[in-house]
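Engineer: My questions will all concern the structure given below.
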Amino acid sequence: MQVSVTTEPGFVTVIIAGRFDAHGIERFDREVVDLIDAQHANVIIDLAEVEFMDSSALAGLVRALKATVAHHGSVTLVAVSDAARIILELTRLDAVFTTAASMTDARANVLTAA
33 MQVSVTTEPG FVTVIIAGRF DAHGIERFDR EVVDLIDAQH ANVIIDLAEV EFMDSSALAG
93 LVRALKATVA HHGSVTLVAV SDAARIILEL TRLDAVFTTA ASMTDARANV LTAA
């Protein structure tokens with residue numbers, strides 16, 4: 033799993049590529065949840081390049097969502113790959129997360145909500 037994190041005014045962008053699973057969840061938690069706890073409450077997570085996602089990844093996304101809500105922020109999932117979309121739909125978490133088709137749409141949504 034590759035994780036790229038960029039901090040921008042008003043939000044953090046996280047791009048995940050490859051297998052988003054138990055082997056990389058500690059890194060995801062360390063990088064993303066720590067940023068949220070440092071007061072970056074709005075997070076945009078790009079899942080376009082995710083090839084596989086397991087229950088550990090789902091739990092990590094839920095932890096990120098809970099942390100942002102605690103800071104009055106949000107998590108937006110962007111360009112959700114088919115592999116990620118299927119598991120989100122099967123677990124009905126697709127109804128819990130805000131999604132956007134593109135990074136441009138996600139940024140606009142976050143900035144207008146702020």
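Every number in my numbering is 32 more than the matching position in the sequence shown, counting from 1.
Quick reminder that beta carbons are idealized off the backbone N, C-alpha and C, glycines included.
Source: prediction; values computed, not measured.
Assign SER106 to buried or exposed, taking buried as 16 or more other Cβ atoms, counted over all protein chains shown, within 10 Å of its Cβ.
Structural biologist: That one is buried.
Engineer: Taking C-alpha atoms, which residue in ALA111, ASP137, THR130 and VAL142 lies nearest to ILE48?
Structural biologist: If we check each option's Cα against that of ILE48, ALA111 comes out closest.
Engineer: To which residues does DSSP link SER36 through a beta bridge?
Structural biologist: In DSSP, SER36 forms a bridge with ILE47.
Engineer: LEU122: buried (16+ other C-beta within 10 angstroms of its C-beta) or exposed?
Structural biologist: By the 10 Å Cβ count, LEU122 comes out exposed.
Engineer: What residues match up with LEU109 in a beta bridge as DSSP calls it?
Structural biologist: Partner(s): ILE77 and THR131.
Engineer: If contacts are defined as beta-carbon pairs under 8 Å, then PHE84 and PHE52 qualify, I think. What distance do you get, rounded to the angstrom?
Structural biologist: Going by Cβ atoms, the distance from PHE84 to PHE52 rounds to 7 Å, so yes, they are a contact pair.
Engineer: Ignore the nearest five residues each way along the sequence and tell me which others in MET135's own chain have a CB closer than 6 Å to its CB.
Structural biologist: Same-chain partners within the cutoff: VAL110.
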